[in-house]
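Here the structure comes first, spelled out in structure tokens, and everything after it is commentary.
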Amino acid sequence: MATLWHCRWNFESLDVVFGSLLREWMTQALPTFGDLQEKLVNLTLHTFLKIPSLLLPTPHSPHYTWDLRDLAHVLQGCMQATKETVTDAATLIKLWHHEVCRRFEDCLIGASDRLRLQDFLSRQIGRHLSLSPTDPLDSSSVFTTLSSVGKLQAPYRPVDGDGSEIEEACMRALAEYQLTTPLSPHAKPLPHFVFFADARKHLLRLCRILSLPCGNALLLGVDGCGRQSLAHLAAHIAETPLYSIRASSRYSPADFREDLKRVLRSLAADGKPIVFLLADSQIRDEQFLEDLVSLMVAGEVPELFDSTEEEQLLHALRRLGPAPATAEAAWAPADTLGLSCPGSESFAVASRLPDGCTPGGSKAERSRFAQLVRERFHVVLAISPVGPSLRSRCRQFPGLRSCTTVDYFDAWPREALLCVARHFCSAQPDLIAPDDISTLSA
């Protein structure tokens, strides 16, 4: 047996790849911040190098594992911004802090871990950007493309996550969703949905994930905390059809693969992004997860299609034609790690195909379709962190963590419960006045 030792990355090796990407992006997209360029590079790389020792995996938190994809996702998020929305150094620091939090803080369990991370980030910003580490970081400000009409059409900009603008946009999106629900066989009715602060935060996080190529979500929380409802609404806001399965006691891995084939045929036919939602209660066999992780990692499931079905799939792909190139494609950290930016033409460029592939050949077409699946087949998994199943799955399927963005759902706080109670009691004011709800025990 041969043993191969893989050295852990160091600052110099990270700087060659990610530092170069960050410098080039800032030079061309944010040319007015030249004095902050090296400082931001050092801040980003040193922060990433120290986080693995700050947040260690435990049996209670088996998803606390970090690799280069985490750093790539931070850069991918930052590179959505433009000079029109990042107009000063304070906004640039907010953007960096926001993207780091979306990748590292959202997956943390409990307030103590989050507080430890925020203290660490404050010290890092103070050390590398010569700012006072006692200055509080504005965690209420979030970056989003959600517009006032409830669609992801606005520039990537900072907004007040606790403000009325986001709440009104969410209400408009919900109203439109309720009108279109009867028209979709996969839509979930949401007759009573209350947008308290935590619900808005989780919705914005999901919208952000679904708006990015290779954006997959792992929603960790107990049953009944609203993960699936938020996924349905986020897919609607992203204007992306959502598919799920109807699992029964007789639902087998073969049935699951048939459902996967139907969804992948739809993707090959029009090339538009698709969301596939799978909840813990629907996982009748661990083979379901193995197939989905294979799609996230490699863009294909071995032996999913027979030769006839594969030829039909590739024929549909030929009719689709190449994806149009956009200027944003130049800023994808994905060229290094397989993450792609909006409008990426990566699955249509012959130079990125494996050795031996030629444009138009079946091998090249299969590679092109695999990249299309990785970029536009968005997997949303709603899994409970209770019990040993999550720990076992993280160990059995490493891609379950590395190829997803984790969002941990805490128990709803008292303020959220009061908000829901006021909403329902407002329809029956004779029973109890909404203002008197807070006097009751939550």
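The sequence shown begins at 1 in the UniProt record's numbering and counts up one residue at a time. Built from N, CA and C at the ideal position, the CB exists for glycine as well.
Original post:
Per the contact definition of three or more C-beta pairs closer than 8 Å, is the segment 381-393 in contact with the segment 79-91?
Top reply: No, the segment 79-91 is not in contact with the segment 381-393.
Subject >> Thr-181: first and last residue of the uninterrupted alpha helix (DSSP H) it sits in >> reply: Here residue 181 is taken as the residue at index 181 of the sequence shown, counted from 1. It is not in any alpha helix (DSSP H) - Thr-181 carries neither H nor E in the DSSP assignment.
Subject >> C-beta contact flag for Gly-215 and Val-293 at 8 Å >> reply: Locating residue 215 in the sequence shown gives position 215, where the first residue counts as 1. Locating residue 293 in the sequence shown gives position 293, where the first residue counts as 1. For Gly-215 and Val-293, no; Cβs fall outside 8 Å.
Original post:
Do you know whose CA, among Ala-199, Leu-314 and Arg-391, lies nearest Arg-368's CA?
Top reply: One-based indexing of the sequence shown puts residue 368 at position 368. Considering only alpha carbons, the answer is Leu-314.
Subject >> Selection from Trp-412, Ala-235, Trp-9 and Arg-8 that minimises the alpha carbon distance to Val-222 >> reply: Here residue 222 refers to the residue found at position 222 when the sequence shown is read from its first residue. Nearest of Trp-412, Ala-235, Trp-9 and Arg-8 to Val-222, Cα basis: Trp-412.
Original post:
Asp-407 lies in the beta strand (DSSP E); which residues open and close that run?
Top reply: For this step, residue 407 is matched to residue 407 along the sequence shown. That run of the beta strand (DSSP E) goes 405-408.
Subject >> 7 Å CB neighbourhood of Tyr-177 in its chain, flanking five on each side removed >> reply: Taking the first residue of the sequence shown as 1, we reach residue 177 at position 177. Taken in chain order, the residues that qualify are Leu-190, Leu-233 and His-236.
Subject >> Spatial distance of Leu-353 from Gly-34 (CA atoms) >> reply: Walking along the sequence shown from the start, residue 353 turns up at place 353. Walking along the sequence shown from the start, residue 34 turns up at place 34. Only weak support is given to the placement of Leu-353: the predicted model assigns it a pLDDT of 39, under 50, and the value that follows is read from those uncertain coordinates. Rounded to whole angstroms, the separation of the alpha carbons of Gly-34 and Leu-353 is 35 Å.
Subject >> Endpoints, the beta strand (DSSP E) within which Arg-157 is located >> reply: Here residue 157 is taken as the residue at index 157 of the sequence shown, counted from 1. First-last of the beta strand (DSSP E) with Arg-157: 152-160.
Original post:
In chain order, what residues of the same chain lie with their CB nearer than 8 Å to the CB of Glu-365, ignoring the 5 residues before and after it?
Top reply: Against the sequence shown, residue 365 aligns to sequence position 365. Excluding positions up to five away in sequence, the list reads Leu-314, Leu-317 and Arg-318.
Original post:
When DSSP labels each residue in this structure, what does Thr-32 get in the three-state scheme?
Top reply: As a working note, residue 32 is residue 32 in the sequence shown. Correct three-state label for Thr-32: helix.
Original post:
Taking C-alpha atoms, which residue in Leu-129, His-128, His-98 and Ser-130 lies nearest to Leu-118?
Top reply: Mapped onto the sequence shown, residue 118 falls at position 118. The amino acid occupying residue 118 in the given sequence is Gln; Leu does not appear at that position. Among Leu-129, His-128, His-98 and Ser-130, the Cα nearest to that of Gln-118 belongs to His-98.
Original post:
Curious, which full-length beta strand (DSSP E) runs of at least 3 residues does the segment 174-261 contain?
Top reply: 217-220
Original post:
Considering only C-alpha positions, which residue in the set Arg-123, Val-159, Ser-249 and Leu-295 is nearest to residue 446?
Top reply: Since the first residue of the chain shown is 1 and the last is 442, residue 446 is not available in this structure.
Original post:
With distances taken from CA atoms, which of Pro-62, Ser-426, Ala-111 and Ala-29 is nearest Phe-397?
Top reply: Mapped onto the sequence shown, residue 397 falls at position 397. With distances taken between Cα atoms, Phe-397 lies closest to Pro-62.
Original post:
If we call anything under 8 Å between Cβ atoms a contact, is Leu-131 one with Leu-43?
Top reply: Reading the sequence shown from its first residue, position 131 is the one you call residue 131. Reading the sequence shown from its first residue, position 43 is the one you call residue 43. Going by C-beta atoms, Leu-131 is not nearer than 8 Å to Leu-43.
Original post:
Cα separation between Pro-57 and Ser-362?
Top reply: Numbered from its first residue, the sequence shown carries residue 57 at position 57. Numbered from its first residue, the sequence shown carries residue 362 at position 362. Distance between the alpha carbons of Pro-57 and Ser-362 is about 43 Å.
Subject >> Outcome for Lys-94 when other beta-carbon atoms lying within 10 angstroms are tallied against a minimum of 16 >> reply: Your numbering for residue 94 matches position 94 in the sequence shown. So Lys-94 ends up on the buried side.
Original post:
For Phe-18, which of helix, strand or coil comes out of DSSP?
Top reply: In the sequence shown, counting from the first residue as 1, residue 18 sits at position 18. Residue state, collapsed to three classes: helix.
Original post:
Per DSSP, His-378 forms a beta bridge with which residues?
Top reply: Counting from 1 along the sequence shown, the entry for residue 378 is found at position 378. DSSP output for His-378 lists Val-275 as bridge partner(s).
Original post:
With DSSP run on the structure shown, which of helix, strand or coil describes Ile-93?
Top reply: Numbered from 1 along the sequence shown, position 93 holds the residue referred to as residue 93. Helix.
Subject >> Among Val-16, Leu-218, Trp-25 and Arg-401, nearest to His-202 - alpha-carbon criterion >> reply: In the sequence shown, residue 202 corresponds to position 202, counting from 1. Looking at the Cα atoms, Leu-218 is the closest of the given residues.
**OP:** Hey, could you find the ends of the alpha helix (DSSP H) Thr-47 is sitting in?
**Re:** Position 47 of the sequence shown, counted from the first residue, corresponds to residue 47. Its alpha helix (DSSP H) spans residues 37-54.
Original post:
I think Phe-120 touches Leu-212, with their Cβ atoms under 8 Å apart; what is that distance to the nearest whole Å?
Top reply: Counting from one through the sequence shown, the residue named residue 120 turns up at place 120. Counting from one through the sequence shown, the residue named residue 212 turns up at place 212. Phe-120 to Leu-212, Cβ: 25 Å. No contact.
**OP:** Give the C-beta separation of Gln-124 and His-46 to the nearest angstrom, bearing in mind that I take them to be a contact with Cβ-Cβ under 8 Å.
**Re:** For the purposes of this step, residue 124 is taken as residue 124 along the sequence shown, with counting starting at 1. For the purposes of this step, residue 46 is taken as residue 46 along the sequence shown, with counting starting at 1. Between His-46 and Gln-124 the Cβ distance is about 7 Å, and since that is below 8 Å, they are a contact.
Original post:
Is the Cβ-Cβ distance between Ile-274 and Pro-241 less than 8 Å?
Top reply: Taking the first residue of the sequence shown as position 1, residue 274 is located at position 274. Taking the first residue of the sequence shown as position 1, residue 241 is located at position 241. Yes, the Cβ-Cβ distance between Ile-274 and Pro-241 is below 8 Å.
Subject >> Where the beta strand (DSSP E) containing residue 453 begins and where it ends >> reply: In this structure the chain extends from 1 to 442, so residue 453 is not present and cannot be described.
Original post:
Given a threshold of 16 other Cβ atoms within 10 Å of its Cβ, counted over all protein chains shown, does Val-142 qualify as buried or as exposed?
Top reply: As a first step, residue 142 is located in the sequence shown; it is residue number 142 there, counting from the start. By the 10 Å Cβ count, Val-142 comes out buried.
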